[in-house]
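Notes follow once the structure below has been shown.
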Amino acid sequence: CAAWTAVDAAEDEENKAKVFAINAEGPRNLAQACKAIDSKMIQISTDYVFDGQGERPWQPDDKDYAPLSVYGKSKLEGELAVAETLEKYYIVRIAWVFGVNGKNFVKTMLNVGKKYPEVRVVSDQIGTPTYTYDLARLLVDMAENDKYGYYHATNEGGYISWYDFTCEIFRQAGYATKVTPVTTEEYGLSKAARPFNSRLDKSKLQANGFEPLPTWQDALSRYLKEIEF
């Protein structure tokens, strides 16, 4: 699951070669190693391989890729390298990831909400969070099966904005912090373009016998019990 995930830093010229080495050449090398020993491979990818336009949920087997950022382009190249090299592979796209280890949006909002009476959060980027604990259980299930191909694997619970997510984070955490919705343009700050539409259709999971992930609301509740804030 190693990857370059610093989306804005990936736009810096001095980082681009490293980003592609990790996100594109890394999976290619792993795929070649898996092929040599006739092993299956699970590659974690992202909604950033799409351009994020429109409101239609992206299907796992959609091929109209149009990544907006260096990060997205590098992850797409990694996907294609795996698919071109192997027959026994899973490419699992996730979005809005949070977990006990590392930095993530939930931790950031909890820290900001503790310090300030009001936060501004974008309301025009739509998707669904992914809890790493729930994802890990699915990946184990995939490793023990042979329903290979492309999948989307965010939590259930419906499509939401970052604003909606923040409101629920503060509600469950017991924060009284005011959350003000703003557009991506009003918020500014980002070097890399973010997709507005990160809706990932997950119906292929259940169609192939995999258990859908729990709702993101339930995942958030369990997650908050695992961390200190």
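Here my numbering runs 1496 ahead of the position in the sequence shown, where the first position is 1.
A virtual CB, placed ideally from N, CA and C, is assigned to each residue, including glycine.
Which listed residue (Thr1679, Glu1509 and Tyr1585) has its alpha carbon closest to that of Lys1531: Walking along the sequence shown from the start, residue 1531 turns up at place 35. In terms of Cα proximity to Lys1531, the closest of Thr1679, Glu1509 and Tyr1585 is Tyr1585.
Tyr1659 - DSSP class collapsed to helix/strand/coil: Counting from 1 along the sequence shown, the entry for residue 1659 is found at position 163. Reduced to three states, the DSSP call for Tyr1659 is helix.
Sufficient close CB pairs (3 or more, under 8 Å) joining the stretch 1660-1672 to the stretch 1607-1614: Using a Cβ-Cβ distance cut-off of 8 Å, the stretch 1660-1672 and the stretch 1607-1614 are in contact, since at least three pairs of beta carbons, one from each stretch, lie closer than that value.
Range covered by the beta strand (DSSP E) that runs through Pro1677: The residue given as residue 1677 occupies position 181 in the sequence shown. In this chain, the beta strand (DSSP E) harbouring Pro1677 covers Lys1674 to Val1678.
Strand pairing of Tyr1586, partner residues [DSSP]: As a working note, residue 1586 is residue 90 in the sequence shown. Bridge partners of Tyr1586: Ile1538 and Gly1645.
Contact check, Trp1554 vs Arg1695, beta carbons under 8 Å: As a first step, residue 1554 must be located in the sequence shown, where it is residue number 58. As a first step, residue 1695 must be located in the sequence shown, where it is residue number 199. At a Cβ-Cβ threshold of 8 Å, Trp1554 and Arg1695 count as neighbours.
Assigned exposure category for Phe1516 - 16 Cβ within 10 Å defines buried: Here residue 1516 refers to the residue found at position 20 of the sequence shown. Using a 10 angstroms sphere on the CB of Phe1516, the tally of other CB atoms reaches 16 or more, which defines it as buried.
Range covered by the beta strand (DSSP E) that runs through Val1596: Taking the sequence shown and counting its residues from 1, one reaches residue 1596 at position 100. It is not in any beta strand (DSSP E) - Val1596 carries neither H nor E in the DSSP assignment.
Span of the beta strand (DSSP E), counted from its first residue to its last, around Val1615: Within the sequence shown, residue 1615 is the residue found at index 119, counting from 1. Going by DSSP, Val1615 is part of the beta strand (DSSP E) stretching over Glu1614 to Val1618.
Close-in-space but distant-in-sequence residues of the same chain around Glu1507 (CB under 6 Å, 5 per side omitted): Position 11 of the sequence shown, counted from the first residue, corresponds to residue 1507. Closer than 6 Å at Cβ, skipping near neighbours: Val1566, Lys1687 and Ala1688.
contact_flag[the stretch 1647-1658, the stretch 1611-1631] where n(CB pairs < 8 Å) is 3 or more: The stretch 1647-1658, when compared against the stretch 1611-1631, does touch it at the 8 Å Cβ threshold.
CB-CB length for Val1617 against Pro1677, believed under 8 Å: Counting from 1 along the sequence shown, the entry for residue 1617 is found at position 121. Counting from 1 along the sequence shown, the entry for residue 1677 is found at position 181. So it is a contact: roughly 7 Å between Cβ atoms.
Rounded separation between Asp1558 and Met1605 - CA only: Taking the first residue of the sequence shown as 1, we reach residue 1558 at position 62. Taking the first residue of the sequence shown as 1, we reach residue 1605 at position 109. Distance between Asp1558 and Met1605, taken at the CA atoms: about 33 Å.
Contact set for Gln1702: own chain, Cβ-Cβ below 8 Å, skip 5 residues either direction: As a position in the sequence shown, residue 1702 is number 206, starting the count at 1. Spatial neighbours of Gln1702 in its own chain (CB-CB distance under 8 Å, excluding positions within 5 residues in sequence) are listed in chain order as Pro1708.
Nearest residue (CA-CA) to Phe1546, options Arg1524, Met1537, Asp1534 and Ser1570: If you number the sequence shown from 1, residue 1546 lands on position 50. Per the C-alpha coordinates, the member of Arg1524, Met1537, Asp1534 and Ser1570 positioned closest to Phe1546 is Ser1570.
Three-way DSSP call (helix, strand, coil) for Leu1526 in this model: Taking the first residue of the sequence shown as position 1, residue 1526 is located at position 30. In the structure shown, Leu1526 sits in a helix (DSSP, three-state: H, G or I).
Delimiting residues of the alpha helix (DSSP H) encompassing Asp1630: Numbered from 1 along the sequence shown, position 134 holds the residue referred to as residue 1630. Segment Thr1628 to Ala1639, the alpha helix (DSSP H) holding Asp1630.
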